[in-house]
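Trainee:
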Amino acid sequence: MDTDLRRYLQKNRNQITWKTKIQIIFEIVKALSRVHEENSVHKNLHSGNVLYLKNKNDWYISDVEFYGPANKPLNSVYGNLSYMAPEVIYKSEYSFKSDIYSVAILMWEVLSEQPPFLNNNNDQDLALNIVNGTRPKILPGTPEIFKKLMEECWDANPEKRPDIQTLWNKIEDINKSIHENNDNWKDVNIDINPNITELTYNNSKVYTFKDLPKPKNATKGDVLLN
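Residue numbering for the sequence shown follows numbering that gives the first Met the number 0, starting at 0 and increasing by one per position.
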């Protein structure tokens with residue numbers, strides 16, 4: 000593989016067309032659908048294991064069902080916290096729908112061209128924020144269709160998130176629309192933060208959290224500014 004998504008976004012920041020962003024998101028969803036078709040849950044989907052093969056212009060997902068180190072403590076969870084679904088943080092409840100949550104964070108990352116929760120300095124605080132419904136701030140200029148889709152996919156209730164086939168169908172429709180009617184998308188202009196010059200990412204590791212509340216959706220005003 001030539002690179003991963005996080006390095007691709009760093010290298011091409013402020014140069015990625017809207018059409019390319021939609022294509023990347025479509026390829027991520029398509030790759031995850033192949034994982035789910037095998038009745039597998041990825042469990043640790045993040046921009047470091049979404050891989051790009053330049054000569055095929057295609058995206059792939061690695062590290063499927065890698066549970067972390069064999070000696071990790073009981074009642075701990077392994078993964079990349081910024082992409083981790085609230086039910087995973089709360090009770091290590093992995094499912095197809097926890098992967099969908101991770102896709103929503105990846106969608107946000109592709110559209111905004113920056114890592115989620117960039118200003119996080121404390122894992123316990125971030126975990127608490129996520130289970131309390133904090134999500135990355137959707138940037139001005141994001142089309143309403145994507146805003147609603149991300150909000151559906153990162154809902155605190157896994158049952159309210161779409162399954163992979165439903166998500167694929169929605170992204171495929173958007174992808175077709177932009178290829179067939181590119182003029183309708185020319186005015187899309189997401190407000191990328193020009194002041195961010197150094198991008199830092201969390202890595203996957205073992206976490207042990209205690210005394211966290213049951214996951215819920217945020218009320219107005221709770222969304223974290225990224």
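Heads up, the beta-carbon is just placed ideally off N, CA and C, and yes, glycines get one too.
In the DSSP assignment, what are the bridge partners of G78?
Mentor: Position 79 of the sequence shown, counting from 1, holds the residue named residue 78. DSSP, once it has assigned bridges, lists K204 as partnering G78.
Trainee: Who does I60 pair with in a DSSP beta bridge?
Mentor: Position 61 of the sequence shown, counting from 1, holds the residue named residue 60. Answer is V49, bridged to I60.
Trainee: Contact defined as beta carbons within less than 8 angstroms: I believe I23 pairs with V109. What is the distance between those atoms, to the nearest angstrom?
Mentor: As a first step, residue 23 must be located in the sequence shown, where it is residue number 24. As a first step, residue 109 must be located in the sequence shown, where it is residue number 110. Yes, they are in contact, since the Cβ atoms of I23 and V109 sit about 5 angstroms apart, within 8 angstroms.
Trainee: DSSP three-state label for T2, please.
Mentor: In the sequence shown, counting from the first residue as 1, residue 2 sits at position 3. Strand, per DSSP.
Trainee: If you draw a straight line from the alpha carbon of R209 to that of N121, how long is it in whole angstroms?
Mentor: If you number the sequence shown from 1, residue 209 lands on position 210. If you number the sequence shown from 1, residue 121 lands on position 122. Strictly speaking, residue 209 in this sequence is Lys, with Arg absent from that position. C-alpha separation (whole angstroms): 14 angstroms.
Trainee: Three or more C-beta pairs closer than 8 angstroms, one from the segment 88-99 and one from the segment 148-166: is that the case here?
Mentor: A contact exists between the segment 88-99 and the segment 148-166.
Trainee: For the segment 201-216 and the segment 71-85, state whether three or more C-beta atom pairs, one from each stretch, are separated by less than 8 angstroms.
Mentor: With the cut-off at 8 angstroms, the segment 201-216 and the segment 71-85 touch.
Trainee: Any idea what DSSP makes of V40, helix, strand or coil?
Mentor: Within the sequence shown, the letter at position 41 stands for residue 40. It is coil, neither helix nor strand.
Trainee: Count the other CB atoms, across all protein chains shown, that sit within 10 Å of the CB of D154; report buried if there are 16 or more and exposed otherwise.
Mentor: In the sequence shown, residue 154 corresponds to position 155, counting from 1. Classification for D154: buried.
Trainee: To the nearest whole angstrom, what separates the beta carbons of Y200 and P114, a pair I think is in contact under 8 angstroms?
Mentor: Taking the sequence shown and counting its residues from 1, one reaches residue 200 at position 201. Taking the sequence shown and counting its residues from 1, one reaches residue 114 at position 115. About 5 angstroms separates the two Cβ atoms, so the contact holds.
Trainee: Do the segment 43-61 and the segment 2-21 touch if we need at least three Cβ pairs shorter than 8 angstroms?
Mentor: The segment 43-61 is in contact with the segment 2-21.
Trainee: Measuring only the C-alpha atoms, how far is K55 from Y82?
Mentor: As a position in the sequence shown, residue 55 is number 56, starting the count at 1. As a position in the sequence shown, residue 82 is number 83, starting the count at 1. One C-alpha to the other measures close to 27 angstroms.
Trainee: What's the gap between the Cα of W58 and the Cα of I27?
Mentor: As a first step, residue 58 must be located in the sequence shown, where it is residue number 59. As a first step, residue 27 must be located in the sequence shown, where it is residue number 28. Approximately 7 angstroms, taken between the alpha carbons.
Trainee: Exposed or buried, which one is H178 when buried takes at least 16 other CB atoms within 10 Å?
Mentor: For the purposes of this step, residue 178 is taken as the residue at position 179 of the sequence shown. H178 is exposed by the Cβ-count criterion.
Trainee: Report back the beta-carbon spacing between I15 and E92 to the nearest angstrom; my notes put them in contact at under 8 angstroms.
Mentor: By 1-based counting over the sequence shown, the position of residue 15 is 16. By 1-based counting over the sequence shown, the position of residue 92 is 93. The Cβ separation is near 34 angstroms, so there is no contact.
Trainee: Taking Cβ to Cβ, would you say N13 is nearer than 9 angstroms to I191?
Mentor: For the purposes of this step, residue 13 is taken as the residue at position 14 of the sequence shown. For the purposes of this step, residue 191 is taken as the residue at position 192 of the sequence shown. Contact: yes.
Trainee: Taking a contact to mean a Cβ-Cβ separation below 9 angstroms, would you say I104 touches V130 in this structure?
Mentor: Start at 1 with the first residue of the sequence shown, and residue 104 comes out as number 105. Start at 1 with the first residue of the sequence shown, and residue 130 comes out as number 131. No, the Cβ-Cβ distance between I104 and V130 is not below 9 angstroms.
Trainee: Quick one: Cα of D172 to Cα of N118, how far?
Mentor: As a position in the sequence shown, residue 172 is number 173, starting the count at 1. As a position in the sequence shown, residue 118 is number 119, starting the count at 1. Approximately 34 angstroms between the Cα atoms of the pair.
Trainee: Where do the N-terminal and C-terminal ends of the alpha helix (DSSP H) with Q164 fall, by residue?
Mentor: Along the sequence shown, one-based indexing puts residue 164 at 165. 163-179 is the extent of the alpha helix (DSSP H) around Q164.
Trainee: Among K29, K146, S46, P142, which one has its Cα closest to the Cα of Y7?
Mentor: Residue numbering aside, residue 7 sits at position 8 when the sequence shown is read from its first letter. Comparing Cα-Cα distances from Y7 to each of K29, K146, S46, P142, the minimum goes to S46.
Trainee: Throw me the rounded Cβ distance for the I60 and H41 pair, which I believe falls under 8 angstroms.
Mentor: Locating residue 60 in the sequence shown gives position 61, where the first residue counts as 1. Locating residue 41 in the sequence shown gives position 42, where the first residue counts as 1. At roughly 7 angstroms, the Cβ-Cβ gap stays under 8 angstroms, so I60 and H41 are in contact.
Trainee: Helix, strand or coil for M83? Go by DSSP, reduced to three states.
Mentor: Residue mapping note: residue 83 aligns to position 84 of the sequence shown, counting from 1. Of the three classes helix, strand and coil, the one that applies to M83 here is coil, per DSSP.
Trainee: Within a Cβ cutoff of 7 angstroms, which residues of the same chain sit near K169, ignoring the five residues on either side of it in sequence?
Mentor: As a first step, residue 169 is located in the sequence shown; it is residue number 170 there, counting from the start. Once the five neighbours on either side are set aside, the close Cβ partners of K169 are L148.
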